[in-house]
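A short worksheet on the structure shown next.
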């Protein structure tokens, strides 16, 4: 059985989530883990995923306006390719059914060694009900694009999402 749990700062699974977070995301792409887990702003949500009672992954969302932004999403490496990521996205979609859900992914760049991984990641989200948008931006010298589920998203929507959080974000369309 697949289970999704909203996680608070005192959860016994915080060390597992933090370990997977550090292993899955490059240092230059990480926010303060403690800040997100403590959620003093009230805008972050952390979910842990379990398959047959065993921790298998997590998602950290940032919520603003009518948008939930999956800012971090990972499954344990040894469990990837078994459909658990699709189950986790489905669970998030059900929990956030009244909201647009967005995810940013690194764009393919000519000559980049990671283009195949980036293509597979994008196809994963497209297979799981996400759609392309025209929203593009750069962060930490990396080019990103936004995919959306549950509606559409414009550059203005994306900018307003960050503005409501008090953060200025530069975006381009196309």
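In this note's numbering, the protein residues as written are 19 to 192.
For each residue, glycine too, the CB sits at the ideal point set by N, CA and C.
Stretch pair the stretch 81-98 + the stretch 113-124: three plus CB contacts closer than 8 angstroms = yes
contact_flag[the stretch 162-174, the stretch 135-153] where n(CB pairs < 8 angstroms) is 3 or more | yes
Contacts around residue 140, its chain only, beta-carbon distance under 6 angstroms, and the 5 residues preceding and following it disregarded | 123
Terminal residues of the beta strand (DSSP E) in which residue 163 lies = 160-167
Which listed residue (131, 163 and 67) has its alpha carbon closest to that of residue 144 = 163
CA-to-CA distance, residue 167 to residue 116, given in whole angstroms = Each residue's Cα considered, the two are about 11 angstroms apart.
Of the residues 109, 35 and 160, which one's Cα is nearest the Cα of residue 130?
-> 160
Nearest-angstrom Cα distance between residue 73 and residue 136?
-> 25 angstroms
Do residue 199 and residue 146 have their C-beta atoms within less than 8 angstroms of each other?
-> Residue 199 lies beyond the range of the chain shown here (19 to 192); nothing can be said about it.
Write down the C-beta distance between residue 111 and residue 93 rounded to the nearest angstrom, noting that I regard them as a contact closer than 8 angstroms.
-> Rounded, the Cβ-Cβ distance is 16 angstroms, inconsistent with contact.
For residue 51, collect the residues of the same chain with a Cβ closer than 7 angstroms to its Cβ; drop the 5 residues on either side in sequence, then sort them by chain order.
-> 36 and 39
Skipping 5 residues on each side, what residues in its chain have a beta carbon closer than 6 angstroms to that of residue 34?
-> The beta carbon of residue 34 sits closer than 6 angstroms to those of 73, all from its chain and outside the five residues before and after it, given in chain order.
Beta bridge counterpart(s) of residue 55 as assigned by DSSP | For residue 55, which the question treats as bridged, DSSP gives no partner whatsoever.
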